[in-house]
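**Student:**
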Amino acid sequence: MYNTSLRIVNDTAEAEDIMQEGFLKAFSKIDSFRENSTFGAWLKRIVVNLSISVHNKKAKLKEVVYKDELNNEMSYDFTFHHQQENMETENVNKLLETLNSLKDNYRIALSLYFIEGYDYEEMGTILNLSYANCRTTVSRAKESLRKKMLADGR
2 MYNTSLRIVN DTAEAEDIMQ EGFLKAFSKI DSFRENSTFG AWLKRIVVNL SISVHNKKAK
62 LKEVVYKDEL NNEMSYDFTF HHQQENMETE NVNKLLETLN SLKDNYRIAL SLYFIEGYDY
122 EEMGTILNLS YANCRTTVSR AKESLRKKML ADGR
C-alpha cells in the first residue's frame, strides 16, 4: 500500500503521512466496513483515495514535486547476480523511470491498472472517471509510454 501511495504522490514523506492517516481513518470507520470485500482491499481503497486527494490538492496549488524514489525501490546489490538479471533489472529501472516521467494522470492510470491490478470500473470509481474514459486514458498512457521508450532508445 505504501508503494501504491508513493507512486501516486511521488513523495516519501507524503506517502508515509497518507499511510498513517489511512490506518487512522480505517480504525475510526471500522463500523462502516462491509464484509463483501476483504479488509485489505477496503484499506487499500482508503489509501488510494487519500493519495489521489493529496495529489489533487498539490496539483491545484501548482506545487510540483520531482523526486525519484526509483533507486530506493529497485536498489539492491548486483554483485552476485548474473549479467542477464542485471540487464532485466536495468530494463525495469528504465521502464519505471520513463513511467515516472509521464504526465500525472497517465502515470497514475498505468500504476493503478498494471501495477495494482485495478479494472476500469474500479479505476473509474477511484479517479472519478467513466469506464470509457478510463480505457481511453490507459490506452493513451500506454502509447505515450511506448513513444518515450522508443525515443530514449529503450
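Be aware that the sequence shown starts at 2, since it is given in the working numbering, and climbs by one per residue.
Virtual Cβ for every residue (Gly too), placed ideally from N, Cα, C.
None of these values were measured; they are calculated from a predicted model.
1. State whether the stretch 20-34 contacts the stretch 111-129, with contact taken as three or more CB pairs (one from each stretch) at a distance under 8 Å.
2. Could you tell me whether the Cβ of residue 16 comes closer than 8 Å to any Cβ of chain B?
3. Taking the alpha carbon of residue 7 as the reference point, which residue from 132, 113, 151 has its own alpha carbon closest?
4. Name the two residues that bound the continuous alpha helix (DSSP H) containing residue 134.
5. My understanding is that residue 107 touches residue 145, with C-beta atoms under 8 Å, so please give their C-beta distance in whole angstroms.
6. Does DSSP put residue 6 in a helix, in a strand, or in coil?
7. In chain order, what residues of the same chain lie with their CB nearer than 7 Å to the CB of residue 99, ignoring the 5 residues before and after it?
8. Straight-line CA distance for residue 43 to residue 34?
9. Tell me whether residue 3 is buried or exposed, calling it buried when 16 or more other Cβ atoms sit within 10 Å of its Cβ.
10. Can you tell me whether DSSP reads residue 38 as helix, strand or coil?
11. Roughly how far, in whole angstroms, is the beta-carbon of residue 15 from the beta-carbon of residue 49, given that I think they are within contact range, below 8 Å?
12. Please report the Cβ distance between residue 111 and residue 133, rounded to the nearest whole angstrom; I am assuming they are in contact, meaning their Cβ atoms lie under 8 Å.
13. If you draw a straight line from the C-alpha of residue 93 to the C-alpha of residue 5, how long is it?
**Tutor:** On the basis of the data shown:
1. Look at the beta carbons and you see the stretch 20-34 not touching the stretch 111-129: under three pairs across the two are nearer than 8 Å.
2. You won't find chain B in this structure, because it holds only one protein chain.
3. Along the sequence shown, one-based indexing puts residue 7 at 6. Closest option to residue 7, Cα to Cα, is 113.
4. In the sequence shown, residue 134 corresponds to position 133, counting from 1. Counted as a single uninterrupted DSSP element, the alpha helix (DSSP H) harbouring residue 134 occupies residues 132-152.
5. Counting from 1 along the sequence shown, the entry for residue 107 is found at position 106. Counting from 1 along the sequence shown, the entry for residue 145 is found at position 144. The distance from the Cβ of residue 107 to that of residue 145 is about 6 Å, consistent with a contact at the 8 Å cut-off.
6. Along the sequence shown, one-based indexing puts residue 6 at 5. In the structure shown, residue 6 sits in a helix (DSSP, three-state: H, G or I).
7. The count along the sequence shown starts at 1 and reaches residue 99 at position 98. Counting only Cβ-Cβ distances below 7 Å, and skipping sequence neighbours, we find 146, 149, 150, 153, 155.
8. The count along the sequence shown starts at 1 and reaches residue 43 at position 42. The count along the sequence shown starts at 1 and reaches residue 34 at position 33. Taking the straight line from one Cα to the other gives about 7 Å.
9. Here residue 3 refers to the residue found at position 2 of the sequence shown. Classified as exposed, residue 3 has fewer than 16 neighbouring CB atoms from the shown chains inside 10 Å of its CB.
10. For the purposes of this step, residue 38 is identified with residue 37 of the sequence shown, where counting begins at 1. Residue 38 falls in the coil class under three-state DSSP.
11. Your numbering for residue 15 matches position 14 in the sequence shown. Your numbering for residue 49 matches position 48 in the sequence shown. Rounded, the Cβ-Cβ distance is 14 Å, inconsistent with contact.
12. What you label residue 111 is simply residue 110 of the sequence shown in a count that begins at 1. What you label residue 133 is simply residue 132 of the sequence shown in a count that begins at 1. 17 Å between Cβ atoms; not a contact.
13. As a first step, residue 93 is located in the sequence shown; it is residue number 92 there, counting from the start. As a first step, residue 5 is located in the sequence shown; it is residue number 4 there, counting from the start. Distance from the CA atom of residue 93 to the CA atom of residue 5, rounded to whole angstroms, is 17 Å.
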